[in-house]
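Residue numbers (UniProt numbering), protein chains in the order written: chain A, 1 to 599; chain B, 1 to 599. Note that beta-carbon positions come from the ideal geometry of N, C-alpha and C, so glycine has one too. Below you'll find the structure, written out as structure tokens, and then a few comments.
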């Protein structure tokens, strides 16, 4: 179901009941861009720590707009033995609520916009008919403002912006050139009191003139009048003066109160759907959903916290997420389209689903990828296939595994960390996995170096390389040629991280254990472990060649990126790594507000 | 005529000939926003100097996208005694040309987007079918890259990004896991040499595999082969290998050269229209066109210079502009819609115009304002009315005044400075007018102050006020309450400017004349003065009241602006002024590349 500002209010009860009855929810977002700084490969460096990844995404991805939100609800029908789905496709746009409401600026990235355009994305639906939204803070402020205005108007002071603090104490200062105009208004209002008309519509006039009218009428006629600014169809504003008795005044106030309340709810807009999802406590699944979760919190809930730990806490308040990472041995390509194909094949089974009447029934044969509602639908299908696959290991095997099953509980509240080679997920409810990276070296080398120089330097070792180029070199490609020539620096990963820690002002350095690795100060909240498969790192000679070739391509990318066409975009870090390393991971699972039943 | 990426190439000759035959051109731009920092009233402070205004617009307006460009050409038909118009409406979008071309990020301002949406603007035409563009520098870089690649390929080295510097000297390093794949490719190519086929299409493969193929084939078969990467409809890339003799090789090279040239021209895109306008030397008229000119230069020509003087020089290189400011006594409202209405009435006359066949004929009765092509059309009509009005003062009066008439020459190369109260225009070809501002005071006062406090402070003076609030107060509304309480500071405008000058590092302070005003170091290039009407400043008591009321509303705006909903957006300067002041203006007019004929 497509939901825009036009049908939003009418659809809300359908959305609410779909969430309420669902077994689980799938979400997906489309954004106006991905990175306003480093290119995507630098934004998602394979050796990022979870903190680094969070900080980079927060800094470089949050000024884009989440302008399409896909929600698909899934409810299992026991009698039909299939899931009933209700897909929603919401178009989102921060249309300013009134003149004092925030005028949001967001960035568009040409490549992302061009990509969506090539997929048939309808930008007019976003910009002309997108549903507005407010975060918690903005909503509270708006409610407060409304309350304040109401109190002031009840005291007969009028709209605060129309009146200066001193003017309620005395007559308005009417400039010479407006005196005739104001006198004519006063005459008309006096006539209103003596004739049978109930209402007087003044001519449209300027904001300054309206201010003078408010001031004058409040002063001259403190009772018996209702003065209101009204807008014509052509958006011209004029003042309507009505004679009112006490009963009528109360009725009008009540009307106004209700109108204001409705306007307020309209302004909160799409955020109400997010509140409903949060309140339902239902399992929310997503595909590579870290960015979706960050955008959802940032736009509809609160500004993102500085610190990763605080982000985890806000996320826990808001959502229960699911990470379908456990089957990576079976799944080689995690793009949503590929995932959907693989999960139709052995050992998985296509889930049985049916779309409710009145909802568009998506056909997976006719791909509508990159429409958020469709992507959410597909994501849900993938979840069902994977959950049911886990059921095949039970004795006796079960074909249907519920979203509340204990079997999938270990995967709750884990967000996939895309393109990090040795930390598969962000653990929302506890400390993150800490991979050993003592086989990783951090190399700084002059920009003149060619692949062959590095090849020579490392030809005796089988290593993984983390390569960084001096920021200063990046920014001034032409300078420092001689100073850096033939000079290089190799640090262990531990040294590199220690150096970075020192750069942060006001932060105490982490302690380092005897094995040269971070001792986490993080205390895990629960103790029941769960079995993440360990991967041994193999010292295969081909790995080294692979690394070097990886380096070549990174080097070429880097060469391109400093070419004047693209321009320098801050530091880019090329990284070199393959395979999996040993983990040192703390015990951790977390269960939160999700209720689970037996398998 | 609506021009998008779809019909751009076919329309280009029509556009070129319309420009070539025109007597003058009118332009207009629509942008994705106006200000990413201060609100519009702070961005266009009435007491800005031209330098300040330029710097603010450069800083806060250039990250928006000019996404619709209106051009209307006007050619006078002597036999019909009317202008023949050709309006064009170009949709613009920086679609990335290829993977290495700049991925432009631009800002959208919700209020601007919402306004355009309410006017029926078609965003899909912009984002899905917008014409791309490159500035001069980007174009030069792209041409250089293409040239470089061509040279390398002529030397048989292949695409540079596919090859490392060392690999042309020896065989490719093929990693163990790719050896089978590469060997199979080599076998297929060897078979091609011995069979009757001319062309071999390899299977789609990864970029890394393609690199290995290029390296291997270049090494193994230095002659007799043409190797090319081709894209399928599904955007999968594969390698096509062809047997070629020397003649065929040359023919293919020529084909490739032509294709590259065309792709290059496509990438330069809309900038070619701007080049044509610039090259034509035709008079270009616009409405409040400073922002249009800045965006045009910034997007299609070169990054905006730091310095206003350099901006003027770039503008002179690019355009001959016209400022219809001279008739301000007759024109009270300069919004384009109002302007168009007023210029139909006495003492002006509606111009006689006719739209060429095949062009949509705009009807001024059915307003299509804020479509750039229509706005350009209306702007041209206004210019004609005003030019012809000037002819009515001749003896004998003339009904038709050409765009090349000496009568309008004094108004060339002046850009209207919107909302600056005492400097009506930016003088592109000489020094700017320097108003006396010794009646202006700069007041800093505590945020707790109410209007009445200021009223009390200034109740004995008739003054103009320039009010600024401490930046620190703005940013921390809750702090410094006691420190600033009951303290204020009043500076003359001269002191204020001197203080600002001192803040600029590395700039020599301007010298101040005996009258307390800036001595311009600017030497005017020509000496023929032109008569800008002087306005006497009247010491009318009502002016003061007006100022105070202006202050009240500024104060309320300020109160709103620091309310948490809107949030602090840097410094906002409220300004207070009415009427006109005495000018000290240097002699200045400039004539440039415009040829003028007799009246």
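Given residue i as reference, the closest of the options once Cα atoms are compared
i              : options                           : result
residue 296(A) : 265(A), 183(A), 231(A) and 315(A) : 315(A)
residue 378(B) : 206(B), 359(B) and 71(B)          : 71(B)
residue 309(A) : 428(A), 60(A) and 350(A)          : 428(A)
residue 130(B) : 92(B), 305(B), 55(B) and 349(B)   : 92(B)
residue 404(B) : 192(B), 180(B) and 281(B)         : 281(B)
residue 201(A) : 149(A), 239(A) and 6(A)           : 239(A)
residue 47(A)  : 441(A), 237(A), 249(A) and 25(A)  : 441(A)
residue 274(A) : 252(A), 283(A), 250(A) and 300(A) : 300(A)
residue 27(B)  : 219(B), 289(B) and 198(B)         : 289(B)
residue 313(B) : 60(B), 413(B) and 490(B)          : 413(B)
residue 137(A) : 389(A), 398(A) and 267(A)         : 267(A)
residue 209(A) : 191(A), 199(A) and 179(A)         : 179(A)
Own chain, CB closer than 7 Å to residue i, minus 5 neighbours either side, in chain order
i              : result
residue 63(A)  : 36, 106 and 107
residue 672(B) : What is shown of chain B runs 1 to 599, which leaves residue 672(B) out entirely.
Neighbour list for residue i in chain B, Cβ cutoff strictly below 9 Å
i              : result
residue 106(A) : 107, 108, 109 and 110
Helix, strand or coil at residue i according to DSSP, with G and I counted as helix
i              : result
residue 89(A)  : strand
residue 236(A) : coil
residue 214(A) : helix
residue 288(A) : coil
residue 341(B) : helix
residue 198(B) : coil
residue 428(A) : coil
residue 126(A) : helix
residue 37(B)  : coil
residue 627(A) : The shown model of chain A, from 1 to 599, leaves out residue 627(A), and the question about it has no answer.
residue 26(A)  : strand
residue 173(A) : coil
residue 242(B) : strand
residue 349(B) : coil
residue 72(A)  : strand
residue 476(A) : Note that residue 476(A) scores a pLDDT of 40, beneath 50, so its modelled location is shaky; the value from the coordinates is reported in the next line. Correct three-state label for residue 476(A): coil.
residue 576(A) : With a pLDDT of only 33 at residue 576(A), under 50, the local geometry of the prediction cannot be trusted, and no value is derived from it.
Amino acids of chain A, ordered along the chain, whose beta-carbon sits closer than 7 Å to that of residue i
i              : result
residue 422(B) : Those do not exist, as residue 422(B) stays about 20 Å from chain A at its closest Cβ, beyond 7 Å.
residue 682(B) : Beyond the ends of chain B as shown, which are 1 and 599, falls residue 682(B); an answer cannot be given.
residue 103(B) : 109, 110 and 111
Cutoff 6 Å; reference residue i; Cβ partners in own chain excluding five residues on either side
i              : result
residue 476(A) : The predicted position of residue 476(A) is uncertain, since its pLDDT is 40 and thus under 50; a value taken from the coordinates is nonetheless stated next. Taken in chain order, the list of residues that qualify is empty.
residue 86(A)  : 18, 73, 356 and 359
residue 254(A) : none
residue 361(A) : 355
residue 96(A)  : 103
residue 139(A) : 268
Cut-off 8 Å between Cβ atoms - residues of its own chain near residue i, not counting five sequence neighbours on either side
i              : result
residue 265(A) : 272
residue 302(B) : 135, 136, 137 and 314
**OP:** Can you give me, in chain order, the residues of the segment 285 to 313 of chain A that have a beta carbon less than 9 Å from any beta carbon in chain B?
**Re:** none
**OP:** Give, in chain order, every residue of the segment 373 to 392 of chain B whose Cβ lies closer than 9 Å to some Cβ of chain A.
**Re:** none
Subject >> Near-chain B residues of the segment 79 to 98 of chain A - C-beta to any C-beta below 8 Å >> reply: 93, 94, 95 and 96
**OP:** Anything in the segment 116 to 134 of chain A with a Cβ closer than 7 Å to a Cβ of chain B? List those residues in chain order, please.
**Re:** 117, 122, 123, 124, 127 and 128
Subject >> Within 7 Å of chain A by C-beta, residues of the segment 28 to 44 of chain B in sequence order >> reply: 33 and 36
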